[in-house]
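Visitor: As given, the protein sequences belong to chains A and B, one line each in that order.
Sequence positions in the first sequence follow the numbering used here and run 164 to 360.
Sequence positions in the second sequence follow the numbering used here and run 164 to 360.
Can you read through this structure? Questions will come right after.
Number of protein chains: 2
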Amino acid sequence: MANEIDFFFFYGSTYSYLTVMRIDQIAAQSGVRVRWRPFNVRQIMTEQNNIPFRGKPVKMRYMWRDIERRAGRYGIPFLKEPPYPVDPENLANRVGVVAAEQGWCPAYTKATYREWFINGKAPGDPEHLPVILEGLKQNPNAIIEQANGQATRDKYDAETESARCLGIFGPPTFVVGREIFWGDDRLEDALDWSRKR
Amino acid sequence: MANEIDFFFFYGSTYSYLTVMRIDQIAAQSGVRVRWRPFNVRQIMTEQNNIPFRGKPVKMRYMWRDIERRAGRYGIPFLKEPPYPVDPENLANRVGVVAAEQGWCPAYTKATYREWFINGKAPGDPEHLPVILEGLKQNPNAIIEQANGQATRDKYDAETESARCLGIFGPPTFVVGREIFWGDDRLEDALDWSRKR
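The following block contains the structure:
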């Protein structure tokens with residue numbers, strides 16, 4: 164059986180852009196399978212009073228510059244600072260939960276992040292989300308209705324609770340067994356760990 | 164002239180342990196000279212309401228585990244969680260300012276971090292600091308008197324102001340020209356940047 168890592172992330176996490184754009188390729192090179200798991204990190208961060216950027220302009224400025232430089236290292240496009248924060252209603256995230264259940268989460272997530280970082284369209288934007296879904300040959304009305312339904316909300320909460328139990332506090336986080344690795348810059352560590360097991 | 168990077172750090176920063184134990188070797192391999200610059204990041208973090216670990220037990224637990232794993236990657240010893248937080252009076256830091264002026268900062272810093280992480284002796288501990296200084300063939304009373312003097316306090320404040328002006332908000336930070344790189348995990352990026360210039 165192939166090694167597997169869980170990729171916990173949140174549509175709205177800036178650093179996750181780097182991971183979303185590179186994880187499939189690097190994991191495949193390592194022979195590792197990736198499970199894409201959207202969760203409500205905003206709720207966990209609020210519970211833990213973990214506020215990395217809001218009201219912290221110096222740290223925020225650094226974050227964008229750091230992402231720009233890291234994107235350059237990886238050959239990932241970075242044009243300018245995209246809108247932030249985004250997805251106030253967690254709609255992009257709940258669509259991600261549906262997509263994960265139906266097997267098209269990687270494509271949806273990459274499309275969402277490309278639109279966000281390259282075209283400046285915020286994840287979950289109710290005007291733009293249908294365009295993304297159509298691009299993936301999905302039925303926007305049906306998917307959005309499902310994303311707004313109770314079953315999806317419950318599943319999203321359950322994924323958040325799984326993350327909480329693992330000690331996850333920020334996105335992206337990679338899980339290998341009971342080990343968690345926080346940050347795009349720990350992806351290689353997580354893959355190495357998974358190969359060692 | 165050799166390329167140079169500035170290494171801003173704080174005796175009391177946990178992640179700086181990794182950098183302190185490896186920067187000389189990795190910078191030398193890159194042909195880069197390192198300027199060791201202790202500064203009062205605690206003051207800057209207080210100003211910016213940047214509280215990474217206090218009151219955040221989940222994140223704190225992860226931090227120790229992450230340092231342990233990273234130390235393993237680098238072949239740096241990690242036995243158990245050392246005392247934290249430390250150096251309430253900034254004494255270890257002001258001794259670091261004196262050491263930097265006199266050219267023995269790397270040796271003092273490595274000795275201080277080894278004692279902290281391996282023997283559990285907190286930086287700036289007034290009972291243990293003289294032992295460290297004696298081990299470096301320094302006169303403890305003279306050095307501590309100098310570290311407590313106004314000229315050293317002014318120099319420490321000036322270094323903190325330099326860091327503030329550069330947009331530094333956390334330790335360790337590496338500076339190459341006007342570019343700042345935050346975190347032990349950006350040391351390689353900083354060295355690469357310095358070679359590109």
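Note that beta-carbon positions come from the ideal geometry of N, C-alpha and C, so glycine has one too.
Here the structure is a predicted model, which means the values were calculated and not measured.
Around the C-beta of ARG257 (chain B), are 16 or more other C-beta atoms found within 10 angstroms, so that it is buried, or is it exposed?
Guide: buried
Visitor: So if I threshold CB-CB distances at 8 Å, which residues from the stretch 210–222 of chain A count as touching chain B?
Guide: GLN211, ASN212, ASN213, GLY218, LYS219, VAL221, LYS222
Visitor: In this structure, how does DSSP classify PRO240 (chain A) when only helix, strand and coil are distinguished?
Guide: coil
Visitor: With DSSP as the reference, identify every bridge partner of THR177 (chain A), one or two as the case may be.
Guide: DSSP lists no partner for THR177 (chain A).
Visitor: Which residues, taken in chain order from the stretch 337–360 of chain B, show a beta carbon closer than 9 Å to some beta carbon of chain A?
Guide: GLU342, ILE343, PHE344, TRP345, GLY346, ASP348, ARG349, ASP352, ASP355, TRP356
Visitor: With 16 as the cutoff for other CB atoms within 10 Å, does THR177 (chain A) come out buried or exposed?
Guide: buried
Visitor: Spell out the partners DSSP gives GLU166 (chain B) in its beta bridges.
Guide: Before going further, note that residue 166 (chain B) is Asn rather than Glu in the sequence given. In DSSP, ASN166 (chain B) forms a bridge with B:VAL195.
Visitor: Could you list which residues in chain A have their beta carbon closer than 8 Å to that of TYR225 (chain B), in chain order?
Guide: GLY330, PHE332, ILE343, TRP345
Visitor: Since ARG200 (chain A) meets chain B, which of its residues come closer than 7 Å, beta carbon to beta carbon?
Guide: None at all; the shortest Cβ gap to chain B is about 18 Å.
Visitor: Could you check if THR315 (chain B) is buried or exposed, using at least 16 other CB atoms within 10 Å of its CB as the buried criterion?
Guide: buried
Visitor: What are the boundary residues of the beta strand (DSSP E) that includes TRP345 (chain A)?
Guide: 342–345
Visitor: Check each candidate in B:PRO215, B:SER179, B:GLU290, B:LYS219 and name the one with the smallest Cα separation from GLU210 (chain A).
Guide: B:LYS219
Visitor: In this structure, how does DSSP classify PRO303 (chain A) when only helix, strand and coil are distinguished?
Guide: Helix, per DSSP.
Visitor: Taking DSSP as the reference, what is the three-state secondary structure of PRO245 (chain B)?
Guide: coil
Visitor: Would you identify the three-state DSSP class for PRO220 (chain B), choosing helix, strand or coil?
Guide: Three-state result, PRO220 (chain B): helix.
Visitor: Candidates A:TYR225, A:ARG200, A:GLN188: which alpha carbon is nearest ARG341 (chain B)'s?
Guide: A:TYR225
Visitor: According to DSSP, which residues form a beta bridge with PRO201 (chain A)?
Guide: DSSP lists A:PHE172 as partners of PRO201 (chain A).
Visitor: How big is the Cα-Cα spacing for TRP279 (chain A) and PHE173 (chain A)?
Guide: 13 Å
Visitor: Nearest by alpha-carbon distance to ARG360 (chain B): which of B:TYR271, B:VAL195, B:ASP187, B:GLY346 is it?
Guide: B:VAL195
Visitor: Going by DSSP in three states, PHE280 (chain B) sits in which element: helix, strand or coil?
Guide: helix
Visitor: For the alpha helix (DSSP H) that contains ARG316 (chain B), what are its first and last residues?
Guide: For ARG316 (chain B), the uninterrupted alpha helix (DSSP H) run begins and ends at 313–329, by DSSP.
Visitor: Since PHE332 (chain B) is in the beta strand (DSSP E), which residue starts that stretch and which ends it?
Guide: DSSP places PHE332 (chain B) outside any beta strand (DSSP E), giving it a letter other than H or E.
Visitor: Could you tell me how far apart the beta carbons of GLY333 (chain B) and VAL204 (chain B) are, in whole angstroms, since I believe they sit closer than 8 Å?
Guide: 6 Å
Visitor: Using a cut-off of 7 Å between C-beta atoms, extract the partners of ARG185 (chain B) located in chain A.
Guide: Those do not exist, as ARG185 (chain B) stays about 16 Å from chain A at its closest Cβ, beyond 7 Å.
Visitor: What number of angstroms, rounded off, separates the C-alpha of PHE344 (chain B) from the C-alpha of THR336 (chain B)?
Guide: 5 Å
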